[in-house]
Amino acid sequence: MDNHIENQITQLSRLLPGSRGLVRSSALQGSMRRRLQDLGLVEGTLVRCLHQGPSGDPMAYDIRGAVIALRKEDAQHILIEREARPWQ
Amino acid sequence: MAIDAGLSAPVIALAGNPNVGKSTIFNSLTGMHQHTGNWPGKTVAGAEGRHFFGGREWRIVDLPGTYSISAHSVEEKIARDYLCFANPSAVIVVCDATCLERNLNLVLQIREITQNIVVCVNLLDEAAKKQIVLDLPQLSRLLGLPVVGASARAGRGIRELMEQAAFLSQETKEEETKAEKAKAEKTKRPLIPRLTYPKPIEKAISRLLPFLDGLAPALPRHWLALQLLDKDGSFLESLATEAALDIEALPELARQLDLLHSQLAQAGYDSCRLRDEITAAGVKEAEAIAAKVVRHIREDSHRRDRLIDNWITGRFTGMPLMLALLALVFWITIVGANYPSAALSSLFFTLENGLARLLSGFPSWLSSLLVEGVFRTLTWVVSVMLPPMAIFFPLFTLLEDAGYLPRVAFNLDHYFQKCGACGKQALTMAMGFGCNAAGVIGCRIIDSPRERLIAVLTNSLVPCNGRFPTLIAIITMFFTVNFSMSATGSLSLTILLTAFILLGILMTFLSSAFLSHTLLKGIPSSFALELPPYRRPQFHQVIIRSVFDRTLFVLGRALIAAAPAGLIIWLLANINAGSQTLLAHFTGFLDPAGRLMGLDGVILMAFILGFPANEIVVPLIIMTYGAGASLTEADSLLALKTLLLDNGWTWVTALCAMVFCLFHFPCATTFLTIKKETQSWRWALLAFFLPTAIGICFCLLINGFAHLFIL
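This is the structure:
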């Protein structure tokens, strides 16, 4: 398998339900940056996308065992490294 | 809530993430009935109660839930300031056993401020169901703090918790009396670990320490230094107000801070990285501890929750299910309320005759005031308003208890975002169904001040418990066949009522959008909402509590509001000015405006006099129309309809009355709450006129159309 494709860096908002990624960096500012860090979304955190809302936005993510809903607007500022899927 | 823990009985504060069962523990300690619910932000103001333990009295303070010591919202600021500046004897930090790692972050942060902590790992029963195993002795060793396991809803662990907290308070007191606190800590208790930060930060802290002598002495030095370096604006503000420590007034300290900041920046720690590292230290430590303490036997411990969420928040099922649930709740309310309503009406009718006979010896003005004023208003409230409330409220609480409300916020957030508002407004809107004043206070959970104001100003666009029974009564009288509670009758009633509620929700969205494009311009701020695990509601407790508490509350309020309003009406109807009574003058004055809106002067006056409590609007109308006349039929709704028809009501009048009931000024309690929450008469007045304007416009339109095309 080509790891370069699988381990690509992408926006958290692009993570599809069921897939996971490691948080690499956050371009969020101020209070939202701190808020998400307080929820455990710091560099190196493994995040799983769970499901989307009826209108596709916001999305629900598993962050350290808690389910947190984030808007695309905010999630796109967080860069993640998409996890390679074992079956691909 | 005033920050004050110095008086009399020792204080134990309950802290923790939102929705971990703090209120449940508070209730079982104090025997109070703080409203609990399965969604973040339930305890917005904090509550205080008393508990007897070990032969003495304790004050128990329930703090609003918070994820962190850095405050983002008003409610988090309350919790943070209390922990930092109120100096409670002991703090119980409540954690959710099913989500321990995230909860530990807050424990670690509070451990930096005070060492008198008992960690309560709550919801152990839920964890067992999800096959999550926790090693609590190990947790206690790693944290250096006493840990008590609990299942608060089943009452398990509460006593042990109190024992530990009492023991801690005792210990602290002894240390203080010896006045050798530092020494005692070293000898008596194992040193409680604290978080460590990267070297440059630790270095900066140690260089700041000499400048902090004598400043805010109640706070730990190391932690205070870190906060000063972090420059958290909200904390610095609290420091100035609560501990009289204003950095601007201390030039030496300010200079040293500048120096340290530039040194830190040279080492690669600009203010953003500095804050990242400070937060990450706690998160990483929590991760390390959780890894040694928590074991998931099943890999997908939360599988059931995910399955439910797939339906409840599903792309195609989320919205229809939401509508269906709303309609179902109304249907149960309508059908269920019908029987007690009818029974109560006939009972009161008998009572009224008895009462009238009993009072026949009194002066006629007194007996008619008591019977026609107070008694009839009360019986209306009890027989027509109370049954739907007593059914709706517990149903709603059950949904809330199960964890459904955050999902509603999740489903609706997209639309709120489109309107420039916050998805959490769905939660405060839902609270508004119970009581608009409660909904307005609930808006504290919204971080952005702009979005919070929008939520406050639009809250009364959904009908509270004091209003929707009126809607039910009017629909029953004018828009169903023979008032029958047959399958079709109750169904059409449900559909009409749901449609009205949806109209209220639609206007909430439109007004929110209007406000964020005009007076409260701005872009939607960011949004992070926790969807807590589903929990089986505590049926028994919810039903008993909400029926009982609600009944007493509604009766008390109706009594207080109805008696003076009844008196005013009676006086107006019996005092003559010129050839007419004052009442005729008053309603005559309002009549032209009322007629334009499809109503009449009496209805408008009833809404105005009903300002103290919406429940009494219809009884006021009846009282005014029926001044002198008596209701003679046992079936009160049929009698009422006859009375209304006799006074010129048509279906247009009924429709306009319903619309105006839905959209008019908030009640006095809500109005004053808005004033208090926004600290401005201007916003309170806007909240007064906005729904009123909407109501007037709708009524004018409906009336106009009806007269042009139909009548």
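Chains as they are written, first to last, in this note's numbering: chain A, 1 to 88; chain B, 1001 to 1711. Where is the CB? At the ideal position from N, CA and C, for every residue including glycine.
| Item | Value |
| --- | --- |
| Helix, strand or coil at L16 (chain A) according to DSSP, with G and I counted as helix | coil |
| C49 (chain A) - containing alpha helix (DSSP H), residue span | Here C49 (chain A) belongs to no alpha helix (DSSP H); instead the beta strand (DSSP E) covers 46–52. |
| Delimiting residues of the beta strand (DSSP E) encompassing L1294 (chain B) | Reading the sequence as shown, one finds Val at residue 1294 (chain B) and not Leu. V1294 (chain B) -> beta strand (DSSP E) spans 1294–1296. |
| beta-carbon V1542 (chain B) near the ligand ADP non-hydrogen atom, thresh 7 Å | The ligand ADP is not among the ligands present in this structure, which contains no ligands whatsoever. |
| I1608 (chain B) (DSSP reduced to helix, strand or coil) | helix |
| Residue-chain proximity (F1527 (chain B), chain A), Cβ-Cβ < 8 Å | yes |
| Under 7 Å by beta carbon: chain A residues contacting D1591 (chain B) | None at all; the shortest Cβ gap to chain A is about 47 Å. |
| Boundaries of the beta strand (DSSP E) in which M1507 (chain B) is found, first to last residue | Counting along the chain, M1507 (chain B) falls outside any beta strand (DSSP E), though it belongs to the alpha helix (DSSP H) covering 1487–1517. |
| Anticipated Cβ contact below 8 Å, Q1138 (chain B) with V1020 (chain B), distance rounded | Rounded, the Cβ-Cβ distance is 20 Å, inconsistent with contact. |
| Beta-carbon spacing of E1677 (chain B), I1441 (chain B) below 8 Å | yes |
| Nearest-angstrom Cα separation, counted from I1622 (chain B) out to G1157 (chain B) | 55 Å |
| Any alpha helix (DSSP H) of 4 or more consecutive residues that is wholly inside the segment 1133–1174 of chain B | 1136–1143 |
| Those runs of the alpha helix (DSSP H) which lie wholly inside the segment 1049–1111 of chain B and span at least 4 residues | 1074–1085 |
| Spatially closest choice to M1507 (chain B) from B:M1429, B:G1466, B:I1575, by CA coordinates | B:M1429 |
| CB contact flag (C1084 (chain B), L1236 (chain B), <8 Å) | no |
| E81 (chain A) versus L16 (chain A): straight-line alpha-carbon distance, rounded | 13 Å |
| Per DSSP, the bridge partner or partners of V1119 (chain B) | B:V1093, B:V1147 |
| Helix, strand or coil at L1245 (chain B) according to DSSP, with G and I counted as helix | coil |
| Sequence-distant residues of the same chain with beta carbon closer than 8 Å to V1371 (chain B), five excluded per side | E1352, L1355, A1356, L1359 |
| One or two residues paired with S25 (chain A) in a DSSP bridge | A:L79 |
| Stretch pair the segment 1510–1517 of chain B + the segment 53–64 of chain A: three plus CB contacts closer than 8 Å | no |
| Contact set between G1314 (chain B) and chain A, taken where Cβ atoms lie within less than 8 Å | H51, P54 |
| Own chain, CB closer than 6 Å to Q76 (chain A), minus 5 neighbours either side, in chain order | Q11, S13 |
| Anticipated Cβ contact below 8 Å, Y1661 (chain B) with R1376 (chain B), distance rounded | In the sequence under discussion, the amino acid at residue 1661 (chain B) is Cys, which differs from the Tyr named in the question. With a Cβ gap of about 19 Å, C1661 (chain B) and R1376 (chain B) do not count as contacting. |
| Boundaries of the alpha helix (DSSP H) in which I1694 (chain B) is found, first to last residue | 1681–1705 |
| Neighbouring residues, chain A, relative to M1319 (chain B) (Cβ below 7 Å) | P54 |
| Any chain A beta carbon closer than 8 Å to Y1067 (chain B) | yes |
| Coarse secondary structure for Y1725 (chain B), derived from DSSP in three states | Limits of chain B in this structure are 1001 at one end and 1711 at the other, which puts residue 1725 (chain B) out of reach. |
| Beta carbon of P1691 (chain B) nearer than 8 Å to that of F1709 (chain B) | no |
| Own chain partners of Y1269 (chain B) with C-beta closer than 6 Å, once the 5 adjacent residues on each side are dropped | P1200 |
| Rounded distance between the beta-carbons of R1194 (chain B) and R1111 (chain B), thought under 8 Å | 7 Å |
| Length of the line joining the Cα atoms of A1013 (chain B) and L1344 (chain B) | 45 Å |
| Per-residue burial, S1490 (chain B) [other beta carbons within 10 Å of its own, 16 or more giving buried] | buried |
| Stretch-stretch touch, CB-based, cutoff 8 Å, three pairs: the segment 1414–1425 of chain B with the segment 1442–1454 of chain B | yes |
| Beta carbon proximity, A1430 (chain B) to chain A, threshold 8 Å | no |
| Proximal residues to L1145 (chain B) (C-beta, below 6 Å), its chain only, five neighbours per side dropped | I1117, V1119 |
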